[in-house]
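*Asks:*
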Amino acid sequence: MKKILVTGATGQIGVELTQTLRDKYGAENVVATGHDRQQTNELTQVGPYCHLDVRDASALNQIVEDYQCDSIFHLASLLSVVAEAKPLEAWDINMNGLINVLEIARTHRCAVFFPSSIGAFGPETPGFDTPQDTLQRPKTLYGITKVSGELLCDYYYHRYGVDTRGLRYPGLISNKALPGGGTTDYAVDIFYAAIKNQHYDCFLRADTQLDMMYMSDAIAAAIKLMEADSACLKHRNAFNITAMSFTPEQLAAEIQKQLPDFTVSYSVDPVRQAIADSWPRHMDDNAARAEWGWQAQYDLTAMVKDMLEQITVSEQRIKGDDHVAR
Ligand code: VAH
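23 is the number of the first residue of the sequence shown in our numbering; add one for each residue after it.
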């Protein structure tokens, strides 16, 4: 990879992925794109940023040509909760955006990274040690776009030789960018609430077990997969990967080890609970370990410790800036 394009660069994965790619490959070699017209932050100050709606094939094509991109990390997508509220728009963005990326990758010989999700599975899928190859009948529009995306990426590899690769991510937890409309967002929101209010009212049931991963592991996995020897990849476009599996009450208990006064309550949102209940509890990620050496670095304890430290520092910096501004 030498010239990289990131779509959805202002999103939860995109912010941290763009920063990491720029540190590794040079800021000038990583073009960040997003649907926000006014971006005046590190994304635009450190390296090239272009406004892009991924449904605009000619605009996407122009950026790939202008910057001579050879790799595309395609992150632009509506997440599970937003997609249930706006299914037709989610289909348009998630599927027409992806087919544009794959067509342009075909004509410009670009490699493509596609993030699938535990959302690509449904209630009939084995919920524990979910196999790499198994039944996929998701009941959400988001999950349908993820399964369709996995199949489209396979098609473009087998039919046209496009170097497509992808991961089935669990819930992702970042201290650098907030999530945007996902079912697993509680696992990020809880940290900010713990630090600011010492209390969090959780929208999922206390015993809702889901696979999760710290964002730095998610970013490292995407880059490691894209740099892997193509000949070693049997499951190119949808590797199960996970790092930990926990419930809201287990996460709250781990936070209380650091913040003893923290309390949690539960006001279950039936829409998000139904989505979470349709997803597996814990995936088998042995194929990723065997084919390209996947190995998580952060477990629950390490993630909670780092999240609380990093958010505390950034909140103090914001308070300091506000104080100076007065
Ligand atoms: C969501 N955070 O909740 C995303 C992700 C596995 C969950 O796909 O929609």
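Each residue gets a CB set at the ideal place from its N, CA and C atoms; glycine is no exception.
Closer than 5 Å is what we want: which residues have a beta carbon that near any heavy atom of the ligand VAH? List them in chain order.
*Replies:* Result: L101, S102, S139, I140, G141, G193, G204, T205 and T206.
*Asks:* Quick check: is any heavy atom of the ligand NAP less than 7 Å from the C-beta of Y179?
*Replies:* Looking for the ligand NAP in the displayed structure turns up nothing; the ligands present are the ligand VAH.
*Asks:* Relative to the alpha-carbon of N51, which residue among K24, D233 and D114 has its alpha-carbon at the smallest distance?
*Replies:* Ranking K24, D233 and D114 by Cα distance to N51 puts K24 first.
*Asks:* Within the chosen definition, does the region 57-73 reach the region 254-269 through at least 3 CB pairs nearer than 8 Å?
*Replies:* These segments do not touch.
*Asks:* Using the rule of at least 16 other Cβ atoms within 10 Å of the residue's Cβ for burial, across every protein chain shown, is T129 buried or exposed?
*Replies:* Exposed: under 16 other Cβ atoms inside 10 Å.
*Asks:* Under a three-way DSSP split, which group does M23 fall into?
*Replies:* Note: M23 maps to coil in three-state DSSP.
*Asks:* State the DSSP-derived secondary structure class of V390, mapped to helix, strand or coil.
*Replies:* Outside the displayed span of the chain (23 to 348) sits residue 390, for which this structure offers no information.
*Asks:* Using the beta-carbon count (16 or more within 10 Å), is K168 buried or exposed?
*Replies:* Label assigned to K168: buried.
*Asks:* So what's G56 in DSSP terms, helix, strand or just coil?
*Replies:* Strand, per DSSP.
*Asks:* Could you give the first and the last residue of the continuous alpha helix (DSSP H) run that contains T40?
*Replies:* Residues Q34 to Y47.
*Asks:* What first and last residue would you give for the alpha helix (DSSP H) that runs through H257?
*Replies:* Per DSSP, H257 belongs to no alpha helix (DSSP H) and is neither H nor E.
*Asks:* Could you tell me the distance, in whole angstroms, from the CA atom of G342 to the CA atom of L200?
*Replies:* Going from the Cα of G342 to the Cα of L200 covers about 21 Å.
*Asks:* State the CB to CB distance for the pair R187 and N122, rounded to an integer number of angstroms; the pair is presumed to be in contact (CB under 8 Å).
*Replies:* Not really, about 18 Å apart at Cβ, beyond 8 Å.
*Asks:* Terminal residues of the continuous beta strand (DSSP E) containing Y320?
*Replies:* Here Y320 belongs to no beta strand (DSSP E), and DSSP marks it neither H nor E.
*Asks:* Mind checking who G20 pairs with in its DSSP beta bridge?
*Replies:* In the structure as shown, the chain begins at 23 and stops at 348. Residue 20 is therefore absent and cannot be evaluated.
*Asks:* In the DSSP assignment, the alpha helix (DSSP H) including D176 goes from what residue to what residue?
*Replies:* Per DSSP, D176 belongs to the alpha helix (DSSP H) from L163 to Y182.
*Asks:* Starting from P137, follow its DSSP beta bridges and name the residues at the other end.
*Replies:* Beta-bridge pairing links P137 to L189.
*Asks:* Does the separation of the CB atoms of Y89 and V134 fall below 8 Å?
*Replies:* In this structure, V134 does not lie closer than 8 Å to Y89 by Cβ.
*Asks:* From T206 to Q272, what does the alpha carbon distance come to, in whole angstroms?
*Replies:* Cα to Cα, T206 sits roughly 14 Å from Q272.
*Asks:* Where does S267 sit, in a helix, a strand or coil, going by DSSP?
*Replies:* Correct three-state label for S267: strand.
*Asks:* D251 by DSSP, collapsed to three states: which one?
*Replies:* Reduced to three states, the DSSP call for D251 is coil.
*Asks:* I'd like the list of long-range same chain contacts for D151, defined as Cβ closer than 7 Å, with 5 residues on each side in sequence excluded.
*Replies:* Correct list, in chain order: H304 and D306.
*Asks:* Would you say the region 273-291 touches the region 155-173, given that touching needs at least three Cβ pairs under 8 Å?
*Replies:* They do not touch, by the three-pair rule.
*Asks:* Is it a yes or a no for the region 231-244 touching the region 34-45, going by three-plus beta-carbon pairs under 8 Å?
*Replies:* Yes, the region 231-244 is in contact with the region 34-45.
*Asks:* Within 10 angstroms of its Cβ, does V335 collect 16 or more other Cβ (buried), or is it exposed?
*Replies:* Exposed: under 16 other Cβ atoms inside 10 Å.
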